[in-house]
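Working notes, beginning with the structure itself.
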Amino acid sequence: MKQFRSLRNGRSPRFSSTRRRFLQASTAALSGVMLSNCRRGISDVQSSPTGQGSPTAGGSDTLHIYTWADYVDQDLTDSFTERTGIRVVTDIYDSNETMLARLQAGGGAAYSIIYPSDYMVEEMRELNLLTELEQARLEGLENLSEQWQDPVYDPNNNHSIPVSWGTTGLIYDSRQLDSSPDDWEFLWENQDQLWLQMTLLNDVRETMGAALKSLGYSYNSTNPAEIEAAYERLVELKPAIASFQSFGWEDQLLSGDLRMVMSYSVDAIAAVLEDPGLNYIVPSSGSSLWTDTMTIPVSAPNPDAAYAWINFLLEPENAARAVQRLYFATPNQAAFNLLPAELQDNEDLFPSEDVLARCEGIAPVGDAAELYDRYWTELTST
């Protein structure tokens with residue numbers, strides 16, 4: 210979003226069998242439009258779960274991508290390879306900070322496409338890590354919804370193209386709770402029935418942001434007193450927390466070992482479809498609204514392939530097909546218009562304006578970032 214974000218920082222595997230059942234009719238509705246893109250090609254897609262592999266730059270026929278889990282799949286890369294002749298190789302990261310650290314250590318020279326979240330685009334732009342996009346080489350920007358044609362985190366999309374968006378919230382097992390949660394406060398008020406059966410995101414800005422929201426403050430507070438109060442609030446809750454975990458919680462939730470999980474919408478939706486006893490909410494006091502993007506690092510070994518990839522995903526048919534398989538909300542209005550009603554009306558995927566009005570995008574916090582990191586280290590290391 211998680212930052213609609215990321216994983217906003219960790220991304221988890223999808224529940225493909227349930228999604229296939231849910232989307233069977235939807236796929237038929239789109240198949241006529243997409244037949245030209247559906248024939249499988251000969252791409253060689255590789256991935257590293259931690260993003261710690263050592264990809265080589267390859268030649269003009271290879272595109273190396275550094276991204277969240279489940280943002281790129283075999284169908285997508287096969288269609289791209291068939292269209293362009295360019296082979297796709299992917300590496301996976303689990304947080305914006307992991308990705309940034311790798312780029313700053315020189316790893317950016319390996320990749321031509323990277324998927325930073327909104328606030329990280331600002332940070333990377335200030336660090337001169339991103340190429341200023343040549344607008345004349347981009348095809349389909351007019352397909353984006355109005356709010357993503359000139360986003361606050363990257364005016365005029367000068368350095369990034371939005372690819373997905375979502376919310377951060379709580380997914381819970383309704384069969385194991387005495388009442389349904391409405392807000393973040395539920396975690397503190399119901400520690401007894403959530404004791405060691407809840408997880409929070411392993412993400413400093415998301416989890417500190419939730420604590421800030423529970424106190425009536427901004428997700429992006431730079432006030433030292435407010436940040437300290439959020440830290441103290443989390444210290445109070447920590448004995449009841451099973452773990453700080455961004456992904457890999459699905460089996461525990463489905464088996465009943467967890468009752469409550471702080472999650473990105475992109476992961477929660479798949480779990481809700483898998484088990485009708487699970488529900489996902491965006492807390493009433495507000496949460497994060499995240500956008501993930503496609504960017505080209507300044508050291509990209511194959512920028513031509515990068516532009517081809519971006520333009521491919523700006524095509525409404527390709528973007529709509531990705532929504533159906535990978536279950537993230539699209540900022541592409543033309544793609545949204547192709548989706549069947551079952552998807553357009555799914556408010557976990559596309560929340561109401563009322564829900565969105567309560568959410569904030571995660572923004573850089575300047576010098577306060579050091580304070581966030583210090584408190585986070587203290588919270589998670591004790």
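Anchor point for the sequence shown: position 250 equals 459 in the working numbering, and the numbering is continuous, going up by one each time. The beta-carbon is built from N, C-alpha and C at its ideal position, and this holds for glycine as well. Values in this document were obtained by computation on a predicted structure and should not be read as measured data.
Counted within 10 angstroms of its Cβ, other Cβ atoms place residue i as buried (16 or more) or exposed
i	result
Arg583	exposed
Lys625	Nothing about residue 625 can be reported from this structure: the residues present for the chain run from 210 to 591 only.
Ala538	buried
Asn366	buried
Gln533	buried
Thr591	exposed
Pro433	exposed
Ala566	exposed
Ala531	buried
Arg414	buried
Gly495	buried
Ser269	exposed
Ser474	buried
Leu467	buried
Cβ-based neighbour list, residue i, same chain, cut-off 8 angstroms, excluding 5 preceding and 5 following
i	result
Met417	Ile436, Ala439, Tyr440, Leu443, Tyr581, Tyr584 and Trp585
Thr502	Tyr324, Pro325, Ser326, Asp327, Val330, Asp363, Ser369, Ile370, Pro371 and Val372
Thr340	His368, Thr504, Ile505, Pro506, Val507, Ala509 and Pro512
Gly575	Thr431
Ala310	none
Cα-Cα separation, residue i to residue j
i	j	result
Ala451	Pro510	43 angstroms
Gly486	Trp404	20 angstroms
Ser472	Ser326	16 angstroms
Arg292	Glu348	15 angstroms
Tyr280	Phe545	17 angstroms
Leu462	Asp382	8 angstroms
Glu587	Lys447	12 angstroms
Val254	Tyr302	Residue placement at Val254 is poorly supported in this model, since its pLDDT is 38, which falls under 50; the coordinates are not used for a value here.
Met407	Glu343	46 angstroms
Ala578	Asn429	10 angstroms
Trp393	Ile295	46 angstroms
Asn352	Val297	25 angstroms
His273	Glu551	34 angstroms
Asp557	Ala419	19 angstroms
Thr299	Thr276	7 angstroms
Leu597	Ser304	Absent from the model: residue 597. The displayed extent of the chain is 210 to 591, so no value can be given.
Ile571	Ser497	6 angstroms
Gln553	Trp357	18 angstroms
Leu547	Asp284	18 angstroms
Asp595	Asp484	Beyond the ends of the chain as shown, which are 210 and 591, falls residue 595; an answer cannot be given.
Trp518	Glu526	14 angstroms
Ala319	Asn520	21 angstroms
Ile322	Cys568	28 angstroms
Leu482	Pro560	16 angstroms
Asp287	Arg384	42 angstroms
Ser208	Ala479	No statement about residue 208 is possible, as the shown extent of the chain runs from 210 to 591 and does not include it.
Gln402	Met308	37 angstroms
Gly425	Glu398	16 angstroms
Glu459	Val470	9 angstroms
Phe395	Thr271	49 angstroms
Val361	Ala529	25 angstroms
Residue range of the alpha helix (DSSP H) that includes residue i
i	result
Asp303	Where Asp303 is concerned, there is no enclosing alpha helix (DSSP H), given that its DSSP letter is neither H nor E.
Val532	Pro525 to Leu535
Leu424	From DSSP, Leu424 is part of no alpha helix (DSSP H); its letter is neither H nor E.
Asp287	Gln283 to Thr293
Tyr328	Asp327 to Glu335
Thr586	Ala577 to Ser590
Leu403	Gln400 to Leu403
Glu562	Glu562 to Ala566
Asn555	Element bounds for Asn555: n/a, residue is neither H nor E.
Leu547	Gln542 to Leu547
Endpoints, the beta strand (DSSP E) within which residue i is located
i	result
Gly617	This structure gives no information on residue 617, because the portion of the chain shown stretches from 210 to 591.
Leu272	Thr271 to Thr276
Asn409	Here residue 409 turns out to be Leu, not Asn, going by the sequence shown. Leu409 -> beta strand (DSSP E) spans Met407 to Leu409.
Own chain, CB closer than 6 angstroms to residue i, minus 5 neighbours either side, in chain order
i	result
Tyr516	Arg346
Pro573	Tyr328, Glu331 and Glu332
Leu312	Leu338
Trp374	Phe213, Thr500, Ala538 and Pro540
Asp359	Asn365
Ile490	Gly378 and Leu379
Leu535	Asp279
Asn411	Phe453, Gln454 and Ser455
Gly317	Pro506 and Ser508
Ala314	none
Arg334	His368
Neighbourhood of residue i by C-beta, 7 angstroms cutoff - its chain only, sequence neighbours within 5 removed
i	result
Gln542	Asn352, Leu353 and Ser354
Asp282	Arg534 and Leu535
Glu524	Gly349
Checklist line | alpha helix (DSSP H) runs wholly inside the segment 438-514, at least 4 long, in chain order | finding: 459-464 and 474-483
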